[in-house]
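Numbering (the working numbering), first residue to last: 31 to 441.
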């Protein structure tokens with residue numbers, strides 16, 4: 031006979047207390063989960079798991095290397111350096127930890143520390159060519175070209191066709207001003223491997239320095255076809271095209287460069303300048319503002335924003351930007367001229383004249399500055415000096431229509 035299960039007389043069901051689920055807290059689970067997140071590109075979660083793993087095992091080398099690399103990828107270079115230092119404390123012979131520590135210093139622009147770390151690491155493994163190449167790059171950044179060249183020669187003595195070493199030797203010649211040897215070295219690299227994009231790009235840079243713009247563009251295009259996502263190649267191609275006067279295409283490549291490297295300061299500055307030229311002040315303003323977020327003391331961005339405000343009639347704002355810029359670069363003729371124009375527009379002729387004279391002292395052949403000098407002299411009733419300034423402007427720029435018109439009216 032079937033029995034009914036009746037509820038308690040109180041009418042309440044029995045409550046069973048459940049303990050909350052707790053994931054097992056051990057090193058392996060956190061380390062493995064961090065690896066999975068890393069493979070999925072979820073770097074913040076990978077960092078969290080590897081930090082937990084590192085806290086659970088104070089002696090595990092690999093987790094500190096992995097954590098340091100991901101922190102560096104996120105731009106957290108100081109914490110990354112601490113991870114690599116911890117790894118070195120665990121194993122002072124780990125060249126990988128030394129390499130990454132030097133790289134963290136390199137990315138922080140501390141080339142002295144980077145060179146010191148890599149130099150010490152090479153005592154552990156003198157034939158680690160990647161380390162030696164990195165040390166050569168640090169020496170290049172420090173302007174120590176002879177030391178950089180010695181590192182390259184050590185590699186080429188053992189591996190005479192080491193392409194990265196040959197390419198970097200060409201770069202050393204370029205930085206030391208020996209353009210003929212740089213061009214020959216990089217041409218040799220291209221002959222050894224026509225599909226090596228860095229040599230193509232560097233050869234293009236040499237051509238730009240030599241004034242061969244069309245040949246530079248050709249090499250940059252070849253490099254771009256080989257490596258279409260490299261922001262340095264895209265920037266150099268855009269830069270060369272802008273020199274050639276192909277502004278729309280130059281802007282296209284610069285925007286691509288910034289897609290792959292939004293922190294590319296040179297790209298922001300050049301693209302902003304081209305957008306000013308194209309009559310796109312709002313877009314240009316965004317580029318220069320972004321440049322100042324990256325480097326608040328970038329005088330070119332400050333001067334460019336000042337120019338945009340001047341064109342818009344916002345002279346006080348322009349003057350404030352120029353004051354910041356001139357604190358950083360008081361000997362910049364172009365900035366002094368812009369400040370003179372701002373004060374002239376504000377009808378403060380004495381201050382305008384002070385900055386204009388500084389500009390002409392720094393660059394006496396600037397026709398635009400001479401034109402403004404003529405205007406200021408005329409306003410002060412000194413017509414002969416005004417005429418002389420406009421004549422000087424025409425000597426430097428014979429087609430300057432503004433100077434021609436003023437002379438026709440006042441001579």
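A virtual CB, placed ideally from N, CA and C, is assigned to each residue, including glycine.
inquiry  = Are the CB atoms of residue 182 and residue 442 within a distance shorter than 8 Å?
reply    = This structure gives no information on residue 442, because the portion of the chain shown stretches from 31 to 441.
Nearest-angstrom Cβ-Cβ length linking residue 248 and residue 268, presumed shorter than 8 Å = That pair is no contact at about 15 Å.
key: CA-to-CA distance, residue 143 to residue 166, given in whole angstroms   = 13 Å
key: Assigned exposure category for residue 170 - 16 Cβ within 10 Å defines buried   = By the neighbour-count criterion, in which a residue is buried when 16 or more other Cβ atoms sit within 10 angstroms of its Cβ, residue 170 is buried.
task = Enumerate in chain order the residues of its own chain whose CB-to-CB distance from residue 135 is below 6 Å, with the five nearest sequence positions on each side excluded.
result = 143 and 144
ask   = Going by beta carbon distance, what residues of the same chain come within less than 6 Å of residue 86, once the five residues before and after it are set aside?
value = Excluding sequence neighbours, residue 86 sits near 57.
key: Three-state class that DSSP yields for residue 257 in the structure shown   = coil
query = For residue 137 versus residue 102, is the C-beta spacing smaller than 8 Å?
reply = Going by C-beta atoms, residue 137 is nearer than 8 Å to residue 102.
query = Which of helix, strand or coil does DSSP assign to residue 150?
reply = helix
key: Of the listed residues 156, 133, 180 and 139, nearest to residue 147 (C-alpha basis)   = 133
Residue 422 burial status per 10 Å Cβ neighbour count (16 or more: buried) = buried
ask   = Who are the near neighbours of residue 228 in its chain, counting only those whose CB is closer than 6 Å to its CB and skipping five residues on each side?
value = 197
ask   = Hey, quick one: how far does the alpha helix (DSSP H) through residue 310 stretch, first residue to last?
value = No alpha helix (DSSP H) holds residue 310; DSSP gives it neither H nor E.
ask   = Helix or strand or just coil, what does DSSP make of residue 325?
value = Coil at residue 325, not helix or strand.
key: Residue from 168, 173, 129 and 241 whose Cα sits closest to the Cα of residue 154   = 129
inquiry  = Could you compute how far the alpha carbon of residue 257 sits from the alpha carbon of residue 410?
reply    = Cα to Cα, residue 257 sits roughly 60 Å from residue 410.
key: Chain-order list of residues whose beta-carbon lies under 8 Å from that of residue 441 (same chain, five-residue window excluded)   = These residues qualify, in order along the chain: 417.
inquiry  = DSSP three-state label for residue 451, please.
reply    = Outside the shown range of the chain (31 to 441) lies residue 451, about which nothing can therefore be said.
ask   = Using the rule of at least 16 other Cβ atoms within 10 Å of the residue's Cβ for burial, across every protein chain shown, is residue 431 buried or exposed?
value = With fewer than 16 other Cβ atoms inside 10 Å of its own Cβ, residue 431 counts as exposed.
key: When 178, 173 and 318 are compared against residue 162, the one with the closest alpha-carbon   = 178
ask   = Would the beta-carbon of residue 433 fall within 8 Å of that of residue 420?
value = Yes. Within cutoff.
query = Can you give the Cα-Cα distance for residue 75 and residue 110, rounded to whole angstroms?
reply = 16 Å
Nearest to residue 360 (by Cα), restricted to the options 125, 334 and 329 = For residue 360, the nearest C-alpha among the options comes from 329.
Sequence-distant residues of the same chain with beta carbon closer than 8 Å to residue 282, five excluded per side = 268
ask   = At what residues does the alpha helix (DSSP H) containing residue 160 begin and finish?
value = Note, residue 160: alpha helix (DSSP H), 159-171.
key: Nearest candidate by alpha-carbon position, reference residue 302, set 334, 279, 290 and 276   = 334
task = Output the distance between the C-alpha atoms of residue 344 and residue 315, rounded to the nearest integer angstrom.
result = 14 Å
inquiry  = Measuring straight from C-alpha to C-alpha, what distance separates residue 385 and residue 368?
reply    = 9 Å
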